[in-house]
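First residue of the sequence shown: 0, per numbering that gives the first Met the number 0; consecutive thereafter. Beta carbons: idealized from backbone N, C-alpha and C, even for Gly.
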Amino acid sequence: MSFSEKSLEYLKNVKNKIEPIDKPSWTEYFITMAKLASTRSADAETKHGCVIADKKNRVIGVGYNSFPANMPDNILPNKRPEKYKWMVHAERNALANCVVRPEGCTAYITGRPCLDCAKSLYQEGIEHFVCFDGHGTYREEAEDKSIFEILVKSGDIKIEWVKPDFDKIINYLASTISQ
């Protein structure tokens, strides 16, 4: 890339007017969005969120664990074990809410996806999972965990475990409120 003399002169003049900005990484940003989405869950015991973003860091789908769409939160069971028949996982909701097919995208998830959700994400072309922590569903059996591992390894799924500094992110948010 070559610039004209005028452009180079401009860049030299503004160089001392550039201040580095402390901002969250894309991973911190999307995991924080997933955590925020999880706060919408009607589940009394487990809150999960999922954000699906494309390679250009555009959000194409967001979901949280909840009852099926348009079901009344106030009359359905939201505690174990009755809730299991009703709850739709965050990953499934994020896929259902995608505005375009998520092939080649990344799923940012507040916990390890269960086997069913991992299969659904993979089936839609998502081969990169960024997970906040390693806990999955209470109902998952040992066999499911083994199959999950086989799916990840044979499907060449990249799983990235992250632990964002939420205190830093909260402080950053607090500093922007008055701006």
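Cβ-based burial, residue i [other Cβ within 10 Å; buried from 16]
i, result
"Asp42", "buried"
Member of the options whose CA lies at the smallest distance from the CA of residue i
i, options, result
"Gly110", "Leu120, Ala95, Phe131", "Phe131"
"Ala106", "Tyr121, Val98, Leu114, Asp115", "Tyr121"
"Pro23", "Asp72, Ile168, Asn69, Ile176", "Ile168"
"Arg39", "Gly103, Trp25, His88", "His88"
"Val58", "Ser1, Ile108, Cys97", "Cys97"
"Asn69", "Asn92, Glu81, Gly60, Gly48", "Asn92"
Length of the line joining the Cα atoms of residue i and residue j
i, j, result
"Ala52", "Lys84", "29 Å"
"Met86", "Leu94", "15 Å"
"Ser174", "Trp160", "28 Å"
"Glu123", "Leu7", "46 Å"
"Lys144", "Val13", "55 Å"
"Pro80", "Lys34", "24 Å"
Start and end residues, beta strand (DSSP E) containing residue i
i, result
"Phe128", "127-130"
Residue i and residue j closer than 8 Å at C-beta
i, j, result
"Lys78", "Glu44", "yes"
"Ser119", "Glu140", "no"
"Ile74", "Pro101", "no"
"Tyr63", "Ser37", "yes"
"Phe179", "Val50", "It is not possible to answer for residue 179, since the shown part of the chain is limited to 0 through 178."
"Ile146", "Phe128", "no"
heavy atom of the ligand ADP below 7 Å from residue i C-beta
i, result
"Leu114", "With respect to the ligand ADP, the structure offers nothing, as it holds no ligand at all."
Where the alpha helix (DSSP H) containing residue i begins and where it ends
i, result
"Trp25", "25-37"
"Ile169", "165-176"
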